[in-house]
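Undergrad: So our numbering is basically just the index in the sequence shown, starting at one, shifted up by 26.
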Amino acid sequence: MSSNLVARVRARFSDAHPDHRRIAKGAAWVSIFVLMGKSAGALKEMAIAYRYGVSGIVDAYQLSFTLVSWIPSMFVTVFSTVLIPMLVRLHDADSRQNAEFIGELRGMACIAGLLMATALSFAAPAVIGQFGATLPVQTRVLVGQFLIGLAPLAPLMLLMCIDAARLQARERHINTLLEALPAGVLFFVVVLSTGSSIAPLCLAVTLGLALQVFLLAHFASRADHVRARIKFGLASPHWRLMARSVGILLVSQTVLACIVPIDQYMATRHGGGAVATLGYANRLMSLLLGLGASAIGRATLPVLTRTIRNGERERARTMALKWAYVMFGVGTVAACLASIGAPWIVRLLFQRGAFTEIDSEHVASLLRWFTLQLAPSFATLVLMQMAASESRYRAIAVITLAGFVAKVAGNMIWTPWMGLAALPLGTATMSAVSLAGYLILFNARAVKTFASAPK
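1. Rounded to whole angstroms, how far is the Cβ of L313 from the Cβ of K64, which I believe are closer than 8 Å?
2. Please tell me whether L235 and L315 are closer than 7 Å, where the distance is taken between their beta carbons.
3. Could you spell out the range, first to last residue, of the alpha helix (DSSP H) harbouring L116?
4. When you compare only the Cα positions, how much space is there between A146 and V389?
5. To the nearest angstrom, how far is the alpha carbon of T333 from that of Q171?
6. Which runs of the alpha helix (DSSP H) spanning at least 4 residues fall entirely within the region 213 to 259, listed in chain order?
7. What does a CB cutoff of less than 7 Å around A300 pick up in its chain, not counting 5 residues either side in sequence?
8. How many angstroms separate the CA atom of T475 from the CA atom of V104?
9. Less than 7 Å between the beta carbons of A143 and L173, yes or no?
10. Is the number of C-beta pairs between the region 404 to 411 and the region 341 to 360 that are closer than 8 Å three or more?
11. Does the separation of the CB atoms of A307 and L363 fall below 7 Å?
12. Closer than 7 Å by C-beta to A230: which residues in its own chain qualify, once you throw out the five before and the five after it? Chain order, please.
13. On the three-pair Cβ rule with 8 Å, is the region 237 to 252 touching the region 82 to 99?
14. Between the Cα of S415 and those of R77, P111, Y78, A86, spot the shortest distance and give me the residue it belongs to.
15. State the start and end residues of the unbroken alpha helix (DSSP H) segment that holds L347.
16. Whose C-beta lies closer than 7 Å to the C-beta of L275 among residues of the same chain, with five residues either side of it excluded?
17. Would you identify the three-state DSSP class for P22, choosing helix, strand or coil?
18. Determine the extent of the alpha helix (DSSP H) in which E197 is found, giving its start and end residues.
19. Whose C-beta lies closer than 8 Å to the C-beta of L69 among residues of the same chain, with five residues either side of it excluded?
20. Figure out for me which residue from V60, G67, R48 has the closest Cα to the Cα of G305.
21. To the nearest angstrom, how far is the alpha carbon of R255 from that of R132?
22. Check for me: the alpha helix (DSSP H) holding R266 runs from which residue to which?
23. Counting beta carbon pairs with one atom in the region 177 to 194 and one in the region 160 to 169, are three or more of them shorter than 8 Å?
24. Return the residue from the list L451, I425, M444, P442 that minimises the CA-CA distance to K433.
25. Quick check: what's the CA-CA separation for L465 versus V431?
26. At the level of alpha carbons, what is the spacing between V473 and L467?
Pasting the structure below:
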């Protein structure tokens, strides 16, 4: 019976359109690389949990890492969404113009990243006073030290996203595997270091990300055969097209990037260790989201863009809707399995050393609430990639803002009754609202197309 099922699956896969096969193969490779990368991340979290538990050092590290990376992460999301379709369309453009554009992108990333790092270093006391006012004094001191030590992450993250987009535009997914490097370096440093200094943590994160940036640049140059040195200026003709797209998305992503700091700020009101508990649950959820949403998202965007570029817009839209329904089902199954296995997963990964059984219960309970976002998140990312392929950035911005409003409202309404669990429930609400927005967008367009067709 099992052999017949395998034969039918193979036959169905062979009969599928080549674009479906490319998406499936791409998603499979990305899932494998994500699993390897997240496994390295899990080892890092296990080492941190063993060494520090849910102590003030972990609170300080996670809060400061969020504060350092949230603005660069916002730009990374925007540039990735805009750059990948743009680079797909520029495949046949003059290689010298492409090299000039990529070099200027790198120059802009260096300048913007250094400005962000410098501004955060000077603003550290005010930031700590605003976001860590309820934390113990020693934890606030550690946050200030971490903010300065992790400042180099800003330019490195911006440089990383440029070459990662180049690889994804060529349907090369090695960038996903390279995301394991910072976690791997941090794991070995935490295991091998002694003493209570935070310097090894800061150095490991910075060196790991720098190594990732170097290797991404190497593989990207091999993939698109473009040798682009860092160049300062805005002479490339491609900036005008990119600026319009980035400007629209930047507004929504600026708001969306506030979600993690808002959650951590609200978690600080629940006492010491709450930020660490939220962070551990978030790390596990990022593994599940990476295996599903990130995998299908990275696989679909270049394929959908290329399909539209070939003049097959309606087929691309139909393909995206089919994959969205499939991924909603996959997310539902994953949520059920993760919810059932949450206690076992947390105990296996974290419960040792300073991480106690009570800590495991708290993280597992929070993880169950996080799983509610899986199904809508999986489907939403596919439809968002379709909208990005069509350059419908205004629609993406509106839907993102609607989801953010739902998230903040959910946090405020449910926190008095549900405590820390209100934060993942608010995120699930945001995902559901976003999915509804994209379904309305594409179904409305389908109805309009049908109504305007000749009878």
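Using N, Cα and C, we set each Cβ at its ideal position, and we do this for glycine too.
TA: According to the structure shown:
1. About 4 Å; that satisfies the 8 Å criterion.
2. Not in contact: L235 and L315 (Cβ atoms no closer than 7 Å).
3. If you look at L116, you'll find it isn't in any alpha helix (DSSP H); DSSP assigns it neither H nor E.
4. With the sequence shown as reference, residue 146 is identified as Leu, and Ala is not the correct amino acid for it. In a straight line, the C-alpha of L146 is about 31 Å away from that of V389.
5. Cα-Cα distance, rounded: 49 Å.
6. The region 213 to 259 contains these whole alpha helix (DSSP H) runs: 225 to 250.
7. Correct list, in chain order: A293, T294, L446.
8. Here T475 scores only 42 on pLDDT, less than 50, and its place in the model should not be relied on; the value that follows carries that caveat. Looking at the two C-alpha atoms, the distance is approximately 29 Å.
9. Result no, Cβ atoms of A143 and L173 do not sit closer than 7 Å.
10. With the rule of 3 Cβ pairs closer than 8 Å, the region 404 to 411 counts as touching the region 341 to 360.
11. Result no, Cβ atoms of A307 and L363 do not sit closer than 7 Å.
12. So the qualifying residues of the chain are V211, L212, V215.
13. Verdict: no, contact absent.
14. Nearest C-alpha to S415: P111.
15. Note, L347: alpha helix (DSSP H), 339 to 376.
16. Once the five neighbours on either side are set aside, the close Cβ partners of L275 are V104, T107, V108, Y419, I422, A423.
17. Outside the modelled stretch of the chain, which goes from 27 to 481, sits residue 22, for which no answer is possible.
18. No alpha helix (DSSP H) contains E197, which DSSP labels as neither H nor E.
19. Excluding sequence neighbours, L69 sits near A209, G210, F213.
20. Ranking V60, G67, R48 by Cα distance to G305 puts G67 first.
21. Going by the C-alpha atoms only, they are around 8 Å apart.
22. According to the DSSP assignment, R266 belongs to the alpha helix (DSSP H) that extends over 264 to 282.
23. The way I'd put it, the region 160 to 169 doesn't touch the region 177 to 194; fewer than three beta-carbon pairs between them come closer than 8 Å.
24. Among L451, I425, M444, P442, the Cα nearest to that of K433 belongs to L451.
25. In this structure, the straight-line span from the alpha carbon of L465 to that of V431 is close to 18 Å.
26. Per-residue confidence for V473 stands at a pLDDT of 40, beneath the threshold of 50, marking its modelled position as unreliable; no derived number is given.
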